[in-house]
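In this note's numbering, the protein residues as written are 8 to 109. Each remark here refers to the structure printed beneath this line.
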């Protein structure tokens, strides 16, 4: 497994730009669970929060019906455990904050 701390220097400037530009950090359920990248997401969520990030969205990048809302409840629980209370959703290019469904 990658030593994620060695990659911190690469992640921080990207996260700072995400925050500066008021972009949401999307958690991709398919990547996290199907491709076994959950540890990476957990690590980067903590970095993002430590830099002042607050905007999160959840997606699955699903191309099959069985990937619809794939592990969304697990991602909602993960965000809740990290103190997140809202999700950013976008409609017609406008961000709308909604309570985290848990």
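Beta carbons are placed, not taken as given, at the ideal position from N, Cα and C, and that holds for glycine.
Apart from the five residues just before and just after residue i, which ones in its own chain have a Cβ nearer than 7 Å to its Cβ?
{"i": "residue 102", "result": "95"}
In three-state DSSP terms, what is residue i?
{"i": "residue 8", "result": "Note on residue 8: pLDDT 46, under 50, position unreliable in the model; the coordinate value appears next. Looking at residue 8 - three-state DSSP - the assignment turns out to be coil, as it is neither helix nor strand."}
{"i": "residue 13", "result": "helix"}
{"i": "residue 57", "result": "helix"}
{"i": "residue 38", "result": "helix"}
{"i": "residue 91", "result": "coil"}
{"i": "residue 108", "result": "coil"}
{"i": "residue 101", "result": "strand"}
If residue i and residue j are in contact, beta carbons under 8 Å, what's the gap, nearest whole angstrom?
{"i": "residue 68", "j": "residue 35", "result": "6 Å"}
{"i": "residue 25", "j": "residue 60", "result": "7 Å"}
Excluding the five sequence neighbours on either side, which residues of its own chain have a C-beta within less than 8 Å of the C-beta of residue i, listed in chain order?
{"i": "residue 64", "result": "31, 32, 33, 34, 94, 95, 96 and 97"}
{"i": "residue 15", "result": "54"}
Would the beta-carbon of residue i fall within 8 Å of that of residue j?
{"i": "residue 22", "j": "residue 55", "result": "yes"}
{"i": "residue 29", "j": "residue 62", "result": "yes"}
{"i": "residue 58", "j": "residue 19", "result": "yes"}
Could you compute how far the alpha carbon of residue i sits from the alpha carbon of residue j?
{"i": "residue 105", "j": "residue 10", "result": "34 Å"}
{"i": "residue 107", "j": "residue 88", "result": "11 Å"}
{"i": "residue 38", "j": "residue 53", "result": "18 Å"}
{"i": "residue 17", "j": "residue 41", "result": "25 Å"}
{"i": "residue 27", "j": "residue 92", "result": "21 Å"}
{"i": "residue 12", "j": "residue 46", "result": "12 Å"}
Can you find the residues in the same chain that come closer than 6 Å, C-beta to C-beta, to residue i, ignoring five residues on each side of it along the sequence?
{"i": "residue 82", "result": "34, 36 and 65"}
{"i": "residue 78", "result": "36 and 40"}
{"i": "residue 90", "result": "none"}
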